[in-house]
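Trainee: I am attaching a structure below and will ask some questions about it afterwards.
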Amino acid sequence: MNETYESAFAKLQDIIAELESEDITLEASLEKYEEGIKYYKYCMAKLHDYEDKVKVLMHEGESLQEKAYVRD
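And the structure:
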């Protein structure tokens, strides 16, 4: 899957709306549920990746601040 987080999340929301409608067959519900699980896992993986990047940036920022305050 090669989508942005935002587009994948929008598709997940659309799938949820379809599943909540009363005009969907059981078979179609199962197919949508499977598709929704794929988008959910993709979105969660993206969020974890972003979280890891933010942690690295915060750690690098803390190191820079510490170096800026060290006086010889």
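In terms of the numbering used here, the sequence shown opens at residue 56 and continues consecutively. Quick reminder that beta carbons are idealized off the backbone N, C-alpha and C, glycines included.
Pick helix, strand or coil for I92, following the three-state DSSP scheme.
Mentor: Residue mapping note: residue 92 aligns to position 37 of the sequence shown, counting from 1. Three-state result, I92: helix.
Trainee: Report whether the distance from the Cβ of E117 to the nearest heavy atom of the ligand FMN is below 6 Å.
Mentor: Absence of the ligand FMN is noted for the structure shown, with no ligands found whatsoever.
Trainee: My output table needs one value for I70: the three-state DSSP class, helix, strand or coil.
Mentor: Taking the first residue of the sequence shown as 1, we reach residue 70 at position 15. In the structure shown, I70 sits in a helix (DSSP, three-state: H, G or I).
Trainee: Report the option in M56, A83, E90, E82 whose CA atom is closest to the CA atom of Q68.
Mentor: The sequence position of residue 68 within the sequence shown is 13, counting from 1. The shortest C-alpha separation from Q68 is found at E90.
Trainee: Tell me, to the nearest whole angstrom, how far the beta carbon of Y97 is from that of I70; I am working on the premise that it is less than 8 Å.
Mentor: In the sequence shown, counting from the first residue as 1, residue 97 sits at position 42. In the sequence shown, counting from the first residue as 1, residue 70 sits at position 15. Actually they are not in contact, since the Cβ atoms of Y97 and I70 sit about 12 Å apart, beyond 8 Å.
Trainee: Spatial neighbours of E58 within its chain, please: C-beta separation below 6 Å, excluding the five flanking residues on both sides.
Mentor: Within the sequence shown, numbered from 1, the residue matching residue 58 stands at position 3. Once the five neighbours on either side are set aside, E58 has no close Cβ partner at all.
Trainee: Return yes when the Cβ of K101 is within less than 7 Å of the Cβ of Y60, no when it is not.
Mentor: Against the sequence shown, residue 60 aligns to sequence position 5. Against the sequence shown, residue 101 aligns to sequence position 46. Yes; because the gap between Cβ atoms is below 7 Å, this pair is in contact.
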